[in-house]
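With this note's numbering, you'll find the sequence shown wraps up at 93, consecutive numbering, no jumps. For glycine and all other residues, C-beta sits at the position ideal for the given N, C-alpha and C.
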Amino acid sequence: MKNSFELAMERLNKTAPTTKLSAGQKKQIAELEMKSKAKVAERELALKDEITKAAEAGEFDKVEQLKQQLTHERKTLQAELEAKKEDIHRHAK
1 MKNSFELAME
11 RLNKTAPTTK
21 LSAGQKKQIA
31 ELEMKSKAKV
41 AERELALKDE
51 ITKAAEAGEF
61 DKVEQLKQQL
71 THERKTLQAE
81 LEAKKEDIHR
91 HAK
């Protein structure tokens, strides 16, 4: 007899089957993730430098604005990465 976990996994695979990625597709995803991390790091460095300058100048409104911009850019880059990865997964079916 199957346990409840095995039954749940069978139901899950019927509604959303797992996709098998080729080595090339896995490599594409890894490259996308590396590029995304690099972009995030680049933006963090640039904006943190600006945040430091604004804080030293006493421009606290600008500091808050730059922090919000950094948060927004991180979310945007993450969403772009997820969309690209999803596209690769869709083509794997």
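Where residue 4 sits in the DSSP three-state scheme: Under the three-state reduction of DSSP output, residue 4 falls in the helix class.
Boundaries (first-last residue) of the alpha helix (DSSP H) holding residue 26: If you look at residue 26, you'll find it in the alpha helix (DSSP H) that goes 23–56.
Short Cβ contact (8 Å threshold) for residue 32 with residue 81: Yes. Within cutoff.
8 Å Cβ cutoff met for residue 29 and residue 75: Against a cut-off of 8 Å, the Cβ pair of residue 75 and residue 29 comes out as no contact.
Per-residue burial, residue 7 [other beta carbons within 10 Å of its own, 16 or more giving buried]: Classification for residue 7: exposed.
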